[in-house]
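K.L.:
Okay, here's the structure, questions in a sec.
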Amino acid sequence: MRIDVVTLFPELFDAPLRTSLLGRAVAAGVVDVRVHDLRLYGLGRHRVVDDAPYGGGAGMVLRPEPVFAAVEALDAPEAHVVLLSPRGRRLVQRRCEALAAMAHLVLVCGRYEGVDERVALGLADEELSIGDYVLAGGEVAALVVIEAVTRLLPGVVGNPGSVRTESHAGGLLEHPHYTRPAEFRGMRVPDVLLSGDHEAIARWRAEQARRTTERRRPDLLQGDAGP
Ligand code: ADE
Numbered sequence: 014m015r016i017d018v019v020t021l022f023p024e025l026f027d028a029p030l031r032t033s034l035l036g037r038a039v040a041a042g043v044v045d046v047r048v049h050d051l052r053l054y055g056l057g058r059h060r061v062v063d064d065a066p067y068g069g070g071a072g073m074v075l076r077p078e079p080v081f082a083a084v085e086a087l088d089a090p091e092a093h094v095v096l097l098s099p100r101g102r103r104l105v106q107r108r109c110e111a112l113a114a115m116a117h118l119v120l121v122c123g124r125y126e127g128v129d130e131r132v133a134l135g136l137a138d139e140e141l142s143i144g145d146y147v148l149a150g151g152e153v154a155a156l157v158v159i160e161a162v163t164r165l166l167p168g169v170v171g172n173p174g175s176v177r178t179e180s181h182a183g184g185l186l187e188h189p190h191y192t193r194p195a196e197f198r199g200m201r202v203p204d205v206l207l208s209g210d211h212e213a214i215a216r217w218r219a220e221q222a223r224r225t226t227e228r229r230r231p232d233l234l235q236g237d238a239g240p
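The opening position of the sequence shown corresponds to residue 14 in our numbering, with each subsequent residue numbered one higher.
So this is what it looks like as C-alpha cells:
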C-alpha cells in the first residue's frame, strides 16, 4: 500500500514513521509512506500558502492552488484523496478497514483556521475527522489514519487474531485482559481465566464485552457510531 501525505510540517512524521509497529511496517515495505512539503507548492517568491478569509473573520485559510498543485504533482489520479479536518465524517474502525483495502491514499493535512472549501469540493474524495475536538492541524489526525490503517494490512500485526477480536472490530469494546500475577494489591484475576475451561472463558469474555459496551458506549450497540 502507498500513502502520500501533504503537509506544512513534514518533520512531524519523522519519529512516528520510524518507531514501533509503523516503523517496522515501513522498513518491511508493507506500506510506502511519502511525506510532501506543501510549502514547496506555495505561491511566489515567499511560497505563500494561506490568505485572509473572504467575508472576514479571524485567522488565515489555506489557499486552494498549493494544495491542488501538491496533490496533482503526485500524478496519481486513481489515488483516494482524504482531507483531514474537524468538519469531516468521524473516523471509525469500519472506515479504517475500507481504507486499508485501497492501494493508494493521499492524506491532505489542513492547518490554520481552515482550508478553502474548493479543496473539499474539487480535490478530496472524502473529508475525515478523527473525533469531536479541534487539533492545531491535520498532521496528528493523518498519523492516526496511517497507524489505524497500516496495522490492518496483512503481516503487520504478528497475530491476526488480535486484530479480529480487539475493541471495535466486532462493533463492541473488547473484554478486559489480565496477565500474571494472579493477585496484585488485593485485586484478583477472575477465577474463570485460571480455570483452563476454554468454553467458559469465551462465554465470560463475550459477556464482559457486551456489558462494558453497554455501560461505556451504548451508542455502539445502537449502531449509530457512523459508517
Ligand atoms: N484537524 C483539526 N482537528 C481535526 C480533527 N479532529 N480531525 C481531523 N483533522 C483535524
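Backbone N, C-alpha and C fix where the C-beta goes; we use that ideal spot for every residue, glycine too.
Note that this is a predicted model, so its numbers are computed, not measured.
#1: Which residue from D232, M115, A40 and G101 puts its Cα closest to that of M14?
#2: So who's on the other strand from E140, going by DSSP bridges?
#3: Indicate, with yes or no, if the ligand ADE has a heavy atom lying under 7 Å from the CB of I143.
#4: Figure out for me which residue from G55, I16 and C109 has the closest Cα to the Cα of L165.
#5: Below 8 Å on the Cβ atoms is my guess for V46 versus V18; work out the distance and round it to an integer in Å.
#6: With a CB to CB cut of under 8 Å and the five nearest residues on each side skipped, what residues in its chain are close to E196?
#7: Which residues in the same chain have their Cβ closer than 8 Å to the Cβ of L34, if we skip the five residues on either side of it in sequence?
#8: Is G127 near the ligand ADE - that is, is its Cβ less than 7 Å away from at least one heavy atom of it?
#9: Can you tell me whether V147 sits near the ligand ADE, meaning its C-beta is under 7 Å from at least one heavy atom of the ligand?
#10: Considering V158, what are the terminal residues of the alpha helix (DSSP H) in which it resides?
#11: Quick one: what does DSSP say D210 is sitting in, helix, strand or coil?
#12: Taking 8 Å as the cut-off, decide whether the C-beta atoms of Y54 and A28 are in contact.
#13: Taking the continuous alpha helix (DSSP H) assigned at D232, which residues delimit it?
#14: Identify which residue in R124, V128, A155 and V119 has its Cα closest to the Cα of D138.
#15: Use the C-beta contact count for D63: other C-beta atoms within 10 angstroms, 16 or more gives buried, fewer gives exposed.
#16: With burial defined as no fewer than 16 other Cβ atoms inside 10 Å of the residue's Cβ, what is the status of G150: buried or exposed?
#17: Report yes or no: do the segment 216-226 and the segment 187-194 share at least 3 C-beta pairs separated by less than 8 Å?
#18: For L97, verify whether its CB is less than 7 Å away from any heavy atom of the ligand ADE.
#19: Classify A215: buried if its beta carbon has 16 or more other beta carbons within 10 angstroms, exposed otherwise.
#20: Are there 16 or more other CB atoms within 10 angstroms of the CB of E208, so buried, or fewer, so exposed?
#21: Quick check on the burial criterion: 16 or more other C-beta atoms within 10 angstroms. Buried or exposed for V147?
#22: Does the Cβ of A154 lie closer than 7 Å to at least one heavy atom of the ligand ADE?
#23: Going by CA-CA distance only, name the one from A155, E152, G236 and L96 that's closest to R131.
P.N.:
Put simply:
#1: Nearest option by C-alpha distance: M115.
#2: E140 has L96 as its beta-bridge partners, per DSSP.
#3: yes
#4: C109
#5: Going by Cβ atoms, the distance from V46 to V18 rounds to 7 Å, so yes, they are a contact pair.
#6: V202
#7: Closer than 8 Å at Cβ, skipping near neighbours: E160, T163, R164, V169 and V170.
#8: no
#9: Yes, the beta carbon of V147 sits closer than 7 Å to at least one heavy atom of the ligand ADE.
#10: E152 to T163
#11: D210 carries a coil assignment under DSSP once its states are collapsed to helix, strand and coil.
#12: no
#13: Start and end: P231 to Q235.
#14: V119
#15: buried
#16: buried
#17: yes
#18: yes
#19: exposed
#20: Position check: residue 208 holds Ser in this sequence, whereas Glu was assumed. The residue in question, S208, is exposed, as its Cβ has fewer than 16 Cβ neighbours within 10 Å.
#21: exposed
#22: yes
#23: L96
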